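*Asks:*
Number of protein chains: 4
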Amino acid sequence: MNKNDFAITPPMGWNSYDYYDTTVNEEQVKANADYMAKHLKKFGYEYIVVDIEWYSNDAGTKRYEHQYIPFGDDEMDEYGRFIPSPSRFPSSKNGAGFKPLADYCHNLGLKFGIHIMRGIPRAAAERHLPVFGTNVTAADIADPGSICGWNPDMYGVRNVIEGQAYYDSLIQMYADWGVDFIKCDDICDSWMYRDEHFSGWHETRMLHEAIMKTGRNIVLSLSPGPAHIDKAFHYCDNANMWRITDDFWDKWELLKNMFWRCEMWQDHVKAGCFPDCDMLPVGTVGAGFGEERLSNFNYDELMTMMTLWCMFRSPLMIGGELTKMTDGDLSVLINEDLLELMKDGWKAAQVYRDDRYAIWKSQNKALEKTVFAVFNLSDEYKEFEIDLNTIFDDSKEIYHFKEIWSKSYVESGQILKLTIPPHGVKAFK
Amino acid sequence: MNKNDFAITPPMGWNSYDYYDTTVNEEQVKANADYMAKHLKKFGYEYIVVDIEWYSNDAGTKRYEHQYIPFGDDEMDEYGRFIPSPSRFPSSKNGAGFKPLADYCHNLGLKFGIHIMRGIPRAAAERHLPVFGTNVTAADIADPGSICGWNPDMYGVRNVIEGQAYYDSLIQMYADWGVDFIKCDDICDSWMYRDEHFSGWHETRMLHEAIMKTGRNIVLSLSPGPAHIDKAFHYCDNANMWRITDDFWDKWELLKNMFWRCEMWQDHVKAGCFPDCDMLPVGTVGAGFGEERLSNFNYDELMTMMTLWCMFRSPLMIGGELTKMTDGDLSVLINEDLLELMKDGWKAAQVYRDDRYAIWKSQNKALEKTVFAVFNLSDEYKEFEIDLNTIFDDSKEIYHFKEIWSKSYVESGQILKLTIPPHGVKAFK
Amino acid sequence: MNKNDFAITPPMGWNSYDYYDTTVNEEQVKANADYMAKHLKKFGYEYIVVDIEWYSNDAGTKRYEHQYIPFGDDEMDEYGRFIPSPSRFPSSKNGAGFKPLADYCHNLGLKFGIHIMRGIPRAAAERHLPVFGTNVTAADIADPGSICGWNPDMYGVRNVIEGQAYYDSLIQMYADWGVDFIKCDDICDSWMYRDEHFSGWHETRMLHEAIMKTGRNIVLSLSPGPAHIDKAFHYCDNANMWRITDDFWDKWELLKNMFWRCEMWQDHVKAGCFPDCDMLPVGTVGAGFGEERLSNFNYDELMTMMTLWCMFRSPLMIGGELTKMTDGDLSVLINEDLLELMKDGWKAAQVYRDDRYAIWKSQNKALEKTVFAVFNLSDEYKEFEIDLNTIFDDSKEIYHFKEIWSKSYVESGQILKLTIPPHGVKAFK
Amino acid sequence: MNKNDFAITPPMGWNSYDYYDTTVNEEQVKANADYMAKHLKKFGYEYIVVDIEWYSNDAGTKRYEHQYIPFGDDEMDEYGRFIPSPSRFPSSKNGAGFKPLADYCHNLGLKFGIHIMRGIPRAAAERHLPVFGTNVTAADIADPGSICGWNPDMYGVRNVIEGQAYYDSLIQMYADWGVDFIKCDDICDSWMYRDEHFSGWHETRMLHEAIMKTGRNIVLSLSPGPAHIDKAFHYCDNANMWRITDDFWDKWELLKNMFWRCEMWQDHVKAGCFPDCDMLPVGTVGAGFGEERLSNFNYDELMTMMTLWCMFRSPLMIGGELTKMTDGDLSVLINEDLLELMKDGWKAAQVYRDDRYAIWKSQNKALEKTVFAVFNLSDEYKEFEIDLNTIFDDSKEIYHFKEIWSKSYVESGQILKLTIPPHGVKAFK
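Chains A, B, C and D are the protein sequences, given in the same order. Residues in the first sequence are numbered consecutively from 6, following my numbering. Residues in the second sequence are numbered consecutively from 6, following my numbering. Residues in the third sequence are numbered consecutively from 6, following my numbering. Residues in the fourth sequence are numbered consecutively from 6, following my numbering.
Right under this line is the structure:
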């Protein structure tokens, strides 16, 4: 079994965080799964991911004060493993866990994923709960000096055999439920520790080993970013995707910044190994955060985002509530000319970038195809004259392109003249 | 009440750590108190300080693995306040706390001190124990993101009214017991946090306020070091002493290094405000650490240490087990010519320092007295020629000095010629 | 000779920089000296200091592009020592140097100072000019890897005997001219080098030694800041004053910030050793910078500045053009109740500071006098109730004060009630 | 013209530095060229590179004191462009420059390269020499705040049109001489500047543009390292190779460390873009440094080095004096099984690395070939059992390999058993 086979192409799906924060429940997950099966599955979207604190019974009840309630009311089994909150996920009762919900997704032809925090629950350590399959307790494998800087639920797990046993039993339980995707948080970057003290480095490996032992193809996604570029081998060795940015939201500064991040990581995109630009804040977001809103991105910005994500071959995880998608939102997510670039065989590279504009080019050598895009990174309408010799190895007298978003056809000499709105893009195949 | 009146001169006493680590018990404390009353009190030593984890029932039982046992068996009252382990301190049973032991010391004419960790017990937060005098619980005031990098017992306390109430109730209980000295740990320097995130800054102030409210003169000592020189005002504003070094032990490198630290802090020594060079590893130390030993310092080094500490006016806390002191050890600790310099009115300054030697000078302007010392910081016997014009403002033809350690008398012209053994000192009055 | 005797109290005078930048000439210097002798000398102001690049013939001619012209037209003698630009300082011709101008000041009962850059001219090294009194050239003692981050004139001087010879000959020449004050730049802080590589540390000592060798009382002032608090002993050992701030200008943010700097350095103010808050931008400034203007500080801010500088006992170097001072400006500079605090025997300390207000207190124990000031650091009119028990050791029923700026008299109980304008101060004796 | 076509495969050749330091002369260069043409050319080695300070007439004359003599006797033309020292390179006289020596190499079927320092000579700026093709002087384009931390020859060039003109004229002159390879120093990493202040970033681009303008295929090599991994796009955009390490020498620690560096950079190896492990200290080195010696590497270490460099596809620049090569040294340099991996189409990746051993694998997908190597990074003889399933995608019952260094043939089941000497390697095709 080779972890790179779990995700030959970048995973695509939906994640509950951008809309629900910590509060999503079973009914809501199912509604999104239904929508995906009906509208998005045929374009390649398949993962339904339940994000952070699905084990919390009181999630969201002190939102004015805490995003994550310290010493809160969390659901765990007798081995210190978090299980779903029964009030939020009724089908999980009586030890069923997420199996019914995973089955639901599988029956729709989809895959099912969950979020976990690195480590073992602090409460399990305080209560000295046994570690499954060992004669030690959580207190013995929890590292009381390894905590998360922003979430109070866990302690890091020590790099010992019994620590591996904990992760093995945890991931096996999730595999038994039918989980296909695990997004592990507080493990890719930590603002709290200097490198050598961050136990997340060995815990990444422990998680990978635990997944291998299950024999189940579980995609491993690491969060939050920004990932450390000098650790690229380590991420790639153990995980399928890792965040190259802190949380991405619908702000132009963050989107513009992503061009720099993609430039830095472009050579690290490989089958099974995907630097991750984070969720797509398309449509309606923010409800769980107390401010339900339409994405602050206008359509030029949404097209810029999708073009960059697809060319770079980032995973595509939709952040907006699916059932509230408009046709316009949907059209951004399902542009087939773009989604084509997510397939195996395509490889992209930045051609140029300065503060005003960027050019990316994606090639499929087997198909002898090239797609390129020009992004207007400035805040004004701009005219560009692109020398096609900087993009194509052998020059032609006349080029014929299809512009991917407008679906219009263009004929050009060596100099391609373009007008692009602020924050907008034109992409040509 | 002014905190600077609690410690007009640098506190002097004994601390259990260097010999007992976490394990000292009542009988041992009393034996040291008896010794102090008999042999050291008349020289100014008066504090008997019980160091770290006197609340731990299992302290020292996993010493090969943990100095501080995570999720260990700690004794606390119903308000989440640590109380003495009854097996180790039998007189503390039935709610007596340290009052009987404090009384014992007071009856000997001594003062009694304890060590505390910054914060509130993690176990109190997990158990949602009530905070005395409030309607909230430990879970509400504990900051789950504020931990100690090396001890697993506590969470930092949030900067809220109920947090102050916790500290008030804690310090009031200790005042009621008769505590005269509190050494708070994990509060002076933290290797874990970048400055702005370290909750110890506000907790220092909370402790000071809690002490003021008791109306009892409780000396506040901050640990560990190195203290941040740019925070000197903050330490001085709230505490009586603060460590300017990480743990000091019987290694020459650490002692040599202290000259640099004293150089840096010399202008900050004031009544009620004492930069602290840490305990004196004199005599027998290390038992609780599994290696009972005589101090690695030879007598030249011990004299150098005492001379620097006394001239600089560091607090003097003896680290060795008192009942095992030899006459030689004792003679180092009770040199009256040196201890004179600890009194109010003396002020010292470094005259010169390089890698080979240092000169310090202490003056009492009211008494028109000057004491100076020449330290050989090199590893060899060295001859020095000291130009006394660099030390005394008005020159004389002939100087007459008493060398403080040998108690010999010296006559010198402007150039004082000295031979000093490696790591040794000559001090003149 | 003891360098601390050169400046028992903080130096006071005028500096050409704030008004003239690099361009001041002889006539202008004399006009300011005349003014000082007539109006300011009696209050203690005595130094007339010619600031940066008095050796430059083309200073200021490319001001739009360079403050300091690279590879410019600088005047130096055959030993690579800068001498005054003869076109700007006509009396300096024929080898007279600044002697005539220094004499002019001395005849007015004033003292004369100059600015120098750390190091030896780059042009002297390129031209292999001889080092006076040695058989080596500038190329041998210049460290080509030690430059200034913002001024292109010099290379640092290597820590070798011939390097000391260069500094000796330089300072002796200046002593022969009658220079009383040297402000050395690029030597207190450097943004360019990590500590261990900064040759300014040894060059500070070389300058001090060179001054001692002249036998002339030349005050040594180090610039720019912020000085490193952990190097306080080093500054104090070699210099009389050192900047604790980067260039100070007439902006409230910088003035407010100075309270934090003074808090940090207050224990380091000693006879001969003065942490320096930088020039006073009072009156008319900025002409040489291309924007002649009245100080942006209003009178409340000017009074706050003067009160802090005087209580802290910073050197007082007036930055505005003296001949353009209004009576109002002058009144700020010559408040005798405040200037009294600059004398020997006064010692100040911050009592309290937060973001809204600060209290300072200055005491003269011999005279049994106390002065205190309350500063409104906020942007609004504020009422304050000051508990006088936090300021005075022994409380009275009734206190009588003179408010220093309004010269009004106040009677108060334990709680002193005050209204202070934004950025303003009330100071009481 | 596309810079990536200049170096489809990693450049291979000889560089004068490791043996000659700054002192190589024409005769010596020719002798090495002769040797290369005769013994190494057929294996792909083709570049003869004259390293640092070929323009210095007094290079090496103060070696006990300076590697690079400050303000030394350097040869430059009237436009401030360095030209060869005529005493060292007689054929360069009368304006011929390196053309005769380049011709000599070309006639042998080899290519000719030189080292340059980033920037413009400091002496040119001091002398205000004109910039070719402009009406400004060196003083106008030199940035006096941009120097090299270890070599005193140059100032950085400002990012202005006339600065580009300087680089254009410099590179055009070198192109006219027939230079095929430029190693620019002080441009890849600088220990002196924080990133944003380092003028090397724009000077890299200026050099690239200057090369493009010549129309000549000049390979651009950047030094010193370690290159910044987050700047990979920038290096790749402008240069053909860049050092990923500080100077590499014949010390095991440096060689072991290179495994970590190659791990980090492995995804950035592309046609025209080669992360560079630095010169190969094989044979006799060090003469110019005052200690002529045989490489400290034993043959196991040399084979390890060559195997890593070839698999990683680092440029191969021989550091030892060619005319002193033994047959043994030569055999390390010309192993054809290994050199095969330098060709286009091969791509390598680390399979595993810990402190004891590493596995690398190189694949040529078109040829369906795989080569792998096992490196013993420990200091002892070790037996290894390598699971071939971790290396090959589809498993076989029996594998047949040729071990590349011993040229022996091996038959293995799924577990390959090996014994490898300390610091040694076995490589299999």
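By construction, the Cβ of each residue, glycine as well, lies at the ideal position given by its N, Cα and C atoms. All of these numbers come straight from a predicted model, not from anything done at the bench.
Where in the segment 205 to 283 of chain C do unbroken runs of the beta strand (DSSP E), each at least 3 residues long, occur, reported from the N-terminal end onward?
*Replies:* Correct list: 224 to 227, 246 to 248, 279 to 281.
*Asks:* Please identify, using Cβ separations under 8 Å, the residues of the segment 224 to 239 of chain C that lie next to chain B, in order along the chain.
*Replies:* Within the segment 224 to 239 of chain C, the residues whose Cβ lies closer than 8 Å to some Cβ of chain B are Ile234, Asp235, Ala237, Phe238, listed in chain order.
*Asks:* Apart from the five residues on each side of it in sequence, which residues of its chain come closer than 6 Å, Cβ to Cβ, to Gly168 of chain D?
*Replies:* For the purposes of this step, residue 168 of chain D is taken as the residue at position 163 of the fourth sequence. Hits under 6 Å: Ile146, Val162.
*Asks:* Is the CB of Gly429 of chain A under 8 Å away from at least one CB in chain B?
*Replies:* For the purposes of this step, residue 429 of chain A is taken as residue 424 along the first sequence, with counting starting at 1. No - not a single Cβ of chain B is within 8 Å of the one on Gly429 of chain A.
*Asks:* Taking only the alpha-carbon atoms, compute the straight-line gap between Ile121 of chain D and Phe433 of chain A and give it to the nearest angstrom.
*Replies:* The count along the fourth sequence starts at 1 and reaches residue 121 of chain D at position 116. The count along the first sequence starts at 1 and reaches residue 433 of chain A at position 428. Going from the Cα of Ile121 of chain D to the Cα of Phe433 of chain A covers about 42 Å.
*Asks:* Is Asp78 of chain B buried or exposed, if buried means 16 or more other CB atoms sit within 10 Å of its CB?
*Replies:* Your numbering for residue 78 of chain B matches position 73 in the second sequence. Burial call: exposed.
*Asks:* Short of 6 Å in beta carbon distance, which residues of its chain neighbour Ala130 of chain A, apart from the five on each side in sequence? Order them along the chain.
*Replies:* Here residue 130 of chain A is taken as the residue at index 125 of the first sequence, counted from 1. Once the five neighbours on either side are set aside, the close Cβ partners of Ala130 of chain A are Ala143, Ala144, Ala147, Tyr160.
*Asks:* Helix, strand or coil for Ser151 of chain D? Go by DSSP, reduced to three states.
*Replies:* Taking the fourth sequence and counting its residues from 1, one reaches residue 151 of chain D at position 146. Residue state, collapsed to three classes: coil.
*Asks:* Alpha carbon to alpha carbon, how far is Asn9 of chain A from His273 of chain D?
*Replies:* Here residue 9 of chain A refers to the residue found at position 4 when the first sequence is read from its first residue. Here residue 273 of chain D refers to the residue found at position 268 when the fourth sequence is read from its first residue. Using only the alpha carbons, I get a separation of about 20 Å.
*Asks:* Let's see if you can read the secondary structure: which residues bound the alpha helix (DSSP H) around Val34 of chain A?
*Replies:* Position 29 of the first sequence, counted from the first residue, corresponds to residue 34 of chain A. That run of the alpha helix (DSSP H) goes 31 to 40.
*Asks:* Flag this pair as yes or no: are the beta carbons of Leu346 of chain A and Met322 of chain A separated by less than 8 Å?
*Replies:* As a working note, residue 346 of chain A is residue 341 in the first sequence. As a working note, residue 322 of chain A is residue 317 in the first sequence. Taking 8 Å as the Cβ cut-off, Leu346 of chain A and Met322 of chain A do not qualify as a contacting pair.
*Asks:* Answer with buried or exposed for Asn179 of chain D, where buried requires no fewer than 16 other C-beta atoms within 10 angstroms of its C-beta.
*Replies:* For the purposes of this step, residue 179 of chain D is taken as residue 174 along the fourth sequence, with counting starting at 1. According to the sequence as given, residue 179 of chain D is Tyr; it is not Asn. Tyr179 of chain D is buried by the Cβ-count criterion.
*Asks:* If contact means a Cβ-Cβ distance below 8 Å, which residues of the segment 255 to 269 of chain D contact chain A?
*Replies:* Under the 8 Å Cβ criterion, the segment 255 to 269 of chain D contributes Glu268, Met269.
*Asks:* Taking the continuous beta strand (DSSP E) assigned at Ala353 of chain C, which residues delimit it?
*Replies:* Residue mapping note: residue 353 of chain C aligns to position 348 of the third sequence, counting from 1. Taken as a continuous stretch (DSSP letters only), the beta strand (DSSP E) holding Ala353 of chain C covers 351 to 358.
*Asks:* Rounded to whole angstroms, what's the CA-CA distance from Thr28 of chain C to Glu58 of chain C? Just pull it up for me.
*Replies:* Against the third sequence, residue 28 of chain C aligns to sequence position 23. Against the third sequence, residue 58 of chain C aligns to sequence position 53. For Thr28 of chain C and Glu58 of chain C, the distance between alpha carbons rounds to 8 Å.
*Asks:* Could you name the residues of the same chain whose beta carbon sits closer than 6 Å to that of Val141 of chain C, not counting the 5 residues immediately before and after it, in chain order?
*Replies:* Working through the third sequence from its first residue, we reach residue 141 of chain C at position 136. The residues are Glu167.
*Asks:* What residues in the segment 117 to 132 of chain B bring their beta carbon closer than 9 Å to a beta carbon of chain A?
*Replies:* Going along the segment 117 to 132 of chain B in chain order, one finds Arg127, Ala128, Ala130, Glu131, Arg132 with a Cβ nearer than 9 Å to chain A.
*Asks:* Check this for me: beta carbons of Leu338 of chain B and Val287 of chain B, under 8 Å apart or not?
*Replies:* As a first step, residue 338 of chain B must be located in the second sequence, where it is residue number 333. As a first step, residue 287 of chain B must be located in the second sequence, where it is residue number 282. Against a cut-off of 8 Å, the Cβ pair of Val287 of chain B and Leu338 of chain B comes out as a contact.
*Asks:* Going by DSSP in three states, Tyr160 of chain A sits in which element: helix, strand or coil?
*Replies:* To locate residue 160 of chain A, count along the first sequence from 1; it is residue 155. The answer is strand: DSSP assigns Tyr160 of chain A an E or B state.
*Asks:* What is the residue span of the alpha helix (DSSP H) that Ile176 of chain B lies within?
*Replies:* Sequence index remark: in the second sequence, residue 176 of chain B carries index 171 (1-based). Here the alpha helix (DSSP H) through Ile176 of chain B covers 166 to 182.
*Asks:* With distances taken between CB atoms, is the gap from Thr289 of chain A to Lys256 of chain A smaller than 8 Å?
*Replies:* Here the question's residue 289 of chain A lines up with position 284 in the first sequence. Here the question's residue 256 of chain A lines up with position 251 in the first sequence. Contact: no.
*Asks:* So, for Lys348 of chain A: in the same chain, excluding its five sequence neighbours on each side, which residues have a beta-carbon less than 7 Å away from its beta-carbon?
*Replies:* Reading the first sequence from its first residue, position 343 is the one you call residue 348 of chain A. So the list reads Thr14, once near-sequence residues are dropped.
*Asks:* In chain D, which residues lie with their C-beta within 8 Å of the C-beta of Pro157 of chain C?
*Replies:* Taking the third sequence and counting its residues from 1, the one referred to as residue 157 of chain C is at position 152. By Cβ distance, chain D contributes Pro149, Gly150.
*Asks:* Looking at Gly150 of chain A and Pro157 of chain B, is the spacing between their C-beta atoms short of 8 Å?
*Replies:* Taking the second sequence and counting its residues from 1, one reaches residue 157 of chain B at position 152. Taking the first sequence and counting its residues from 1, one reaches residue 150 of chain A at position 145. Cβ distance < 8 Å, so Pro157 of chain B and Gly150 of chain A count as in contact.
*Asks:* Count the other C-beta atoms from every protein chain shown that fall within 10 angstroms of the C-beta of Asn99 of chain B, then say buried if there are 16 or more, exposed otherwise.
*Replies:* Within the second sequence, residue 99 of chain B is the residue found at index 94, counting from 1. Result: exposed.
*Asks:* Identify the residues that DSSP records as bridge partners of Gly114 of chain D: which are they?
*Replies:* Sequence index remark: in the fourth sequence, residue 114 of chain D carries index 109 (1-based). Its beta-bridge partners do not exist; DSSP assigns none.
*Asks:* By the DSSP assignment, the alpha helix (DSSP H) with Cys189 of chain B in it spans what residues?
*Replies:* For the purposes of this step, residue 189 of chain B is taken as residue 184 along the second sequence, with counting starting at 1. Where Cys189 of chain B is concerned, there is no enclosing alpha helix (DSSP H), although the beta strand (DSSP E) it sits in stretches over 186 to 190.
*Asks:* Is it true that the CB of Met269 of chain C sits closer than 8 Å to the CB of Asp194 of chain B?
*Replies:* Counting from one through the second sequence, the residue named residue 194 of chain B turns up at place 189. Counting from one through the third sequence, the residue named residue 269 of chain C turns up at place 264. Not closer than 8 Å, so no.
*Asks:* Asp272 of chain A CB to nearest chain D CB: under 8 Å?
*Replies:* For this step, residue 272 of chain A is matched to residue 267 along the first sequence. Yes - at least one Cβ of chain D is within 8 Å of the one on Asp272 of chain A.
*Asks:* Is Ala36 of chain A buried or exposed, if buried means 16 or more other CB atoms sit within 10 Å of its CB?
*Replies:* The residue labelled residue 36 of chain A in the question sits at position 31 within the first sequence. Burial call: exposed.
*Asks:* Report the neighbours of Gln419 of chain A on chain D: residues whose CB is nearer than 9 Å to its CB, in chain order.
*Replies:* As a working mapping, residue 419 of chain A is identified with position 414 in the first sequence. Result: empty, since nearest Cβ-Cβ is about 15 Å, beyond 9 Å.
*Asks:* With a threshold of 7 Å on Cβ separation, who are the neighbours of Glu306 of chain B within its own chain once the five nearest residues in sequence on each side are excluded?
*Replies:* Against the second sequence, residue 306 of chain B aligns to sequence position 301. For Glu306 of chain B, where only same-chain residues beyond five positions count, the Cβ hits under 7 Å are Trp257, Leu260, His428.
*Asks:* Helix, strand or coil, according to DSSP, for Ser413 of chain A in the structure here?
*Replies:* Position 408 of the first sequence holds residue 413 of chain A. Ser413 of chain A falls in the strand class under three-state DSSP.
*Asks:* For Leu421 of chain D, write down the residues that DSSP places opposite it in a beta bridge.
*Replies:* To locate residue 421 of chain D, count along the fourth sequence from 1; it is residue 416. DSSP, once it has assigned bridges, lists D:Ile391 as partnering Leu421 of chain D.
*Asks:* Pick out whichever of A:Lys116, A:Val415, A:Pro320 has its Cα sitting closest to the Cα of Trp182 of chain A.
*Replies:* Numbered from its first residue, the first sequence carries residue 182 of chain A at position 177. The shortest C-alpha separation from Trp182 of chain A is found at A:Lys116.
*Asks:* Touching or not, the segment 380 to 387 of chain B and the segment 351 to 362 of chain B, by the rule of three or more beta carbon pairs under 8 Å?
*Replies:* With a cut-off of 8 Å, the segment 351 to 362 of chain B and the segment 380 to 387 of chain B count as touching, because enough Cβ pairs lie within range.
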